[in-house]
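Enquirer: I have a structure here, written as structure tokens, and I will follow up with some questions on it.
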Amino acid sequence: MSKMQIFETHAHYDDEAFDADRESLLGSMNENGIGKIVNACASIESLDDTAHLMEKYPFIYGAFGIHPDDADKVTEEVLDKIRRCCDLEKAVAVGEIGLDYYWHKEDEEHRIQKEIFCAQMEIAREKKMPFMVHSREAAQDTLDIVKEYIKGGMYGGIIHCFSYGKEMAREYLNMGLYLGVGGVVTFKNARKLKEVVEYAPLEQIVLETDSPYLSPEPNRGKRNSSLNLKFVAAEIGRIKGVEAEQVIAVTAENAERLLLGRK
Ligand SMILES: [Zn+2]
């Protein structure tokens with residue numbers, strides 16, 4: 008069997024942090040064991056940027072949606088544009104969408120975020136696509152919304168950059184969802200996430216970086232890229248008592264099943 012390549016489920020290569028060396032960096036992925044990458048949209052501009060990256064690189068796929076930080080900028084036109092992007096051949100998910108109460112504390116901001124999150128969950132349902140959720144300091148509201156949608160029927164999804172505890176993880180795992188695990192798991196003080204990784208079945212974990220953010224040890228604080236996923240796989244393997252190779256293989260199968268299984 009040939010060596011399994013890493014499936015990176017969440018990065019932002021349209022970010023300006025990659026402007027200086029995007030081509031050479033992305034050109035080096037396959038030879039360094041990164042088989043496939045999902046570029047996740049955040050801003051409205053990133054919808055077009057992600058579509059372009061997808062066109063240019065055969066191994067890049069797209070998640071289309073607007074991050075809660077920009078929820079107040081989402082109009083009906085933007086939602087229509089997301090719908091059109093989701094019809095592109097290599098679109099694999101609606102994301103990243105969700106709630107962020109860390110940066111946004113006002114009730115009115117929360118109301119708008121919830122409304123836009125739900126509107127994009129509707130698109131995922133309508134397109135029969137997985138969703139990719141961002142949730143920070145918004146544990147209960149996120150769970151309530153996701154549960155409600157799952158009850159009504161959804162294709163599946165990923166809770167990206169999972170940051171809550173075991174109890175919350177159990178809720179999502181019981182719904183058949185996947186947890187996105189990245190660089191944070193390598194941090195010494197990430198006790199809660201290490202516990203979650205120990206608890207969660209490997210069959211429901213996917214690898215992600217959130218590049219350019221959240222670079223793992225030993226590169227913490229530097230610009231992140233998918234090339235660092237080997238450190239994440241090694242730490243997950245250490246926690247679960249399996250080889251990094253197995254982590255890479257199983258998480259890649261998970262991502263293939265969820266994100267490319269419809270195709
Ligand atoms: Zn992200």
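Quick note: the sequence shown, position 211, residue 218 per my numbering, numbers continuous. Built from N, CA and C at the ideal position, the CB exists for glycine as well. Bear in mind the structure is a predicted one, so any value in this text is a computation, not a measurement.
Only counting the same chain, and skipping five residues up and downstream in sequence, which positions put a Cβ closer than 6 Å to that of Pro-219?
Expert: Asp-22, Ala-24, Arg-230 and Asn-231.
Enquirer: So what's Tyr-20 in DSSP terms, helix, strand or just coil?
Expert: Correct three-state label for Tyr-20: coil.
Enquirer: Give the single residue among Glu-133, Glu-30 and Phe-71 whose Cα lies nearest to the Cα of Glu-52.
Expert: Closest by alpha carbon: Phe-71.
Enquirer: According to DSSP, is Lys-43 helix, strand or coil?
Expert: Reduced to three states, the DSSP call for Lys-43 is strand.
Enquirer: Since Phe-138 is in the beta strand (DSSP E), which residue starts that stretch and which ends it?
Expert: Per DSSP, Phe-138 belongs to the beta strand (DSSP E) from 138-143.
Enquirer: Tell me Gly-2's beta-bridge partners as DSSP assigns them.
Expert: An answer regarding residue 2 cannot be provided, because it is not within the stretch 8 to 270 covered by the chain.
Enquirer: Of the residues Glu-15, Leu-200, Ile-243 and Val-213, which one's Cα is nearest the Cα of Gly-40?
Expert: Taking only the C-alpha atoms, the option nearest Gly-40 is Glu-15.
Enquirer: For Glu-178, which residues from the same chain have a beta carbon less than 8 Å from its beta carbon, with the 5 sequence-adjacent residues on both sides left out?
Expert: So the list reads Leu-150 and Lys-154, once near-sequence residues are dropped.
Enquirer: Look up Glu-224 in the DSSP assignment and say whether it is helix, strand or coil.
Expert: In this structure, Glu-224 counts as coil in the three-state DSSP scheme.
Enquirer: According to DSSP, simplified to helix, strand and coil, what is Tyr-206?
Expert: In the structure shown, Tyr-206 sits in a helix (DSSP, three-state: H, G or I).
Enquirer: When you compare the CB positions of His-273 and Asp-217, do they come within less than 8 Å of one another, or not?
Expert: Not covered by the structure: residue 273. The range shown for the chain is 8 to 270.
Enquirer: Could you work out which residue in Tyr-108, Leu-86, Lys-121 and Asp-77 is closest to Glu-133 when comparing CA atoms only?
Expert: Cα-wise, what sits closest to Glu-133 is Leu-86.
Enquirer: Near Leu-200, which residues of its chain fall below 6 Å by C-beta distance, leaving aside the five closest residues on each side in sequence?
Expert: Taken in chain order, the residues that qualify are Val-191 and Val-192.
Enquirer: Quick test of your reading: Leu-236 and Leu-214, contact by CB under 8 Å. State the CB separation rounded to the nearest angstrom.
Expert: Confirmed, Cβ separation roughly 5 Å.
Enquirer: Within its chain, find whatever has a CB closer than 8 Å to the CB of Met-8; leave out the 5 residues flanking it on each side and keep chain order.
Expert: Note that Met-8 has pLDDT 42, beneath the 50 cutoff, so the model's placement of it is unreliable and no number is given.
Enquirer: So, do the stretch 123-141 and the stretch 61-68 have three or more beta carbon pairs nearer to each other than 8 Å?
Expert: Counting Cβ pairs under 8 Å, fewer than three are found: no touch.
Enquirer: Give the DSSP-derived three-state secondary structure of Ile-13 in the structure shown.
Expert: Here Ile-13 sits in strand by DSSP.
Enquirer: Strictly by DSSP, which residues pair up with Ile-104?
Expert: Note: Ile-104 sits in a beta bridge opposite Val-140.
Enquirer: Where do the N-terminal and C-terminal ends of the alpha helix (DSSP H) with Gly-159 fall, by residue?
Expert: Segment 146-159, the alpha helix (DSSP H) holding Gly-159.
Enquirer: Less than 8 Å between the C-beta atoms of Leu-209 and Ala-100, yes or no?
Expert: Not closer than 8 Å, so no.
Enquirer: In the stretch 70-117, which residue ranges form an unbroken beta strand (DSSP E) of at least 3 residues, counting only runs that do not cross its ends?
Expert: Counting only runs of 3 or more, we get 98-107.
Enquirer: Pick helix, strand or coil for Tyr-179, following the three-state DSSP scheme.
Expert: In the structure shown, Tyr-179 sits in a helix (DSSP, three-state: H, G or I).
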